[in-house]
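Residue numbers (the numbering used here): 400 to 758.
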């Protein structure tokens with residue numbers, strides 16, 4: 400096996416340090432946005448102390464705040480002094496933005512003027528020497544109802560999108576970042592010791608360095624992660640707990656899964672091989688799953704909305720395999736097996752099937 404040169408080791412160590420520095424900066428900026436007003440002063444002091452450590456630390460905070468602005472989670476007037484100068488606008492210019500005939504053009508010019516100085520180093524400097532590590536332009540992929548999609552990324556990684564899924568891919572010199580907006584996707588990750596592969600959904604992130612795993616997001620506060628091969632570290636973004644910033648991380652191995660909410664992680668669950676992304680073979684598979692969860696999963700594959708009300712035993716377990724292209728037959732089996740009543744109605748123009756226990 401070929402040994403890496405000392406220069407390569409130094410380069411990898413530097414890239415890792417920069418990435419670690421940015422992660423710390425992003426956590427601090429996130430904590431500041433999430434903190435109650437009484438705690439913001441203390442966190443601002445932590446950020447200023449962080450910035451004072453080096454130029455790399457200052458760039459990391461600027462990058463973190465720039466990304467929060469791009470995501471619409473932070474306003475320019477909320478920036479810390481360290482970043483505000485890069486985004487400042489004279490009052491005489493800011494007032495023109497309210498002019499109805501000029502606003503659209505001037506907004507576009509302003510965005511370019513603000514972002515170009517930040518993004519330019521990434522576009523023109525030698526890769527791996529940019530200390531800010533800003534992301535390259537985003538690529539968005541989505542599927543509609545009844546559609547699946549396979550995406551081959553530039554590094555050899557592959558993403559398989561299930562029905563009604565939307566995600567954004569963003570690669571930089573230091574990080575391979577995916578944001579899952581909704582739905583479910585399977586990630587087959589090419590190994591890259593310098594650039595971790597991170598999937599974010601809600602307030603969790605799943606990080607891997609050469610593995611295959613699935614991330615599902617169907618609720619505003621709930622995300623499922625399942626590992627088919629390798630190891631994945633699932634992290635909950637830092638949050639305020641009293642006066643402290645706390646974070647959580649769980650490592651999943653092959654054939655393990657968990658559910659994450661804003662409050663924390665569920666117990667780790669061990670999976671059968673067929674339970675991991677069975678939709679790739681056109682199936683849904685359940686092993687001792689509560690009927691409410693089963694019906695919720697089947698709802699993804701029906702042309703109408705399923706609404707479940709007044710079940711006698713919502714935790715009653717189901718073990719079954721159904722074909723997606725014949726999901727109606729599976730649903731009919733469950734209605735008979737659990738003695739459910741059905742009623743079809745229209746809600747806001749949407750065909751809806753209401754399921755309830757028989758009296």
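Backbone N, C-alpha and C fix where the C-beta goes; we use that ideal spot for every residue, glycine too.
Bear in mind the structure is a predicted one, so any value in this text is a computation, not a measurement.
- Contact between the region 647–658 and the region 684–704 is not established, with fewer than three Cβ pairs separated by less than 8 Å.
- The beta-bridge partner set that DSSP reports for residue 669 consists of 655.
- For a cut-off of 8 Å, the C-beta gap from residue 428 to residue 461 is around 10 Å, too long to register as a contact.
- For residue 599, there is no enclosing alpha helix (DSSP H); the residue is found in the beta strand (DSSP E) stretching over 596–600.
- Residues of the same chain with a CB within less than 6 Å of the CB of residue 599, apart from the 5 flanking positions on each side, are 578 in chain order.
- The C-alpha of residue 663 is placed about 31 Å away from the C-alpha of residue 548.
- Rounded to the nearest whole angstrom, the CA to CA distance from residue 742 to residue 754 is 7 Å.
- If you compare the alpha carbons of 423, 430 and 435 with that of residue 452, the shortest gap goes to 423.
- Residue 716 and residue 739 have their C-alpha atoms spaced approximately 15 Å apart.
- Taken in chain order, the complete beta strand (DSSP E) segments of 3 residues or longer contained in the region 699–756 are 704–708, 716–722, 739–746 and 749–756.
- By the C-beta density criterion, residue 619 is exposed, having fewer than 16 other C-beta atoms within 10 angstroms.
- Distance from the CA of residue 583 to the CA of residue 678, rounded to the nearest whole angstrom, comes to 10 Å.
- Taken through DSSP and simplified to helix, strand or coil, residue 610 comes out as coil.
- Of the other Cβ atoms in all chains shown, fewer than 16 fall within 10 Å of the Cβ of residue 725; this residue is therefore exposed.
- Taking a contact to require three or more Cβ pairs closer than 8 Å, the region 614–628 and the region 703–710 do not qualify as touching.
- By the Cβ-count criterion, residue 696 is buried, with 16 or more other Cβ atoms from all chains shown falling within 10 Å of its own Cβ.
- Under DSSP, residue 578 shares a beta bridge with 567 and 599.
- Between the C-alpha atoms of residue 588 and residue 756 there is a straight-line separation of about 44 Å.
- Using a Cβ distance threshold of 8 Å, residue 550 and residue 558 count as a contacting pair.
- Here residue 722 is actually not in contact with residue 673; their C-beta atoms are around 13 Å apart, not less than 8 Å.
- Sequence-distant partners of residue 594 (beyond 5 residues in either direction) whose C-beta falls short of 7 Å from its own C-beta, in its chain, are 573, 574 and 575.
- Looking at the DSSP output, residue 555 sits in no beta bridge, so it has no partner there.
- Here residue 423 carries a helix assignment [DSSP, helix/strand/coil].
- Around the CB of residue 758, fewer than 16 other CB atoms lie within 10 Å, so the residue is classed as exposed.
- Taking the Cα positions, residue 727 is about 22 Å away from residue 675.
- Look at residue 448 here: in three-state DSSP terms it is helix.
- Residue 649 carries a strand assignment under DSSP once its states are collapsed to helix, strand and coil.
- A residue is called buried when at least 16 other Cβ atoms come within 10 angstroms of its Cβ; residue 561 meets this threshold and is buried.
- Nearest in C-alpha terms to residue 627, of all of 570, 596, 425 and 670, is 670.
- In the DSSP assignment, residue 623 falls within the beta strand (DSSP E) that extends over 621–628.
- The three-state secondary structure of residue 683, taken from DSSP, is strand.
- In this structure, residue 632 lies near residue 606, with their beta-carbon atoms less than 8 Å apart.
- Residue 585 is bridged by DSSP to 559 and 613.
- Taking residue 653 as the centre and dropping the five residues before and after it, the same chain places the C-beta of 626 and 628 closer than 6 Å to its C-beta, in chain order.
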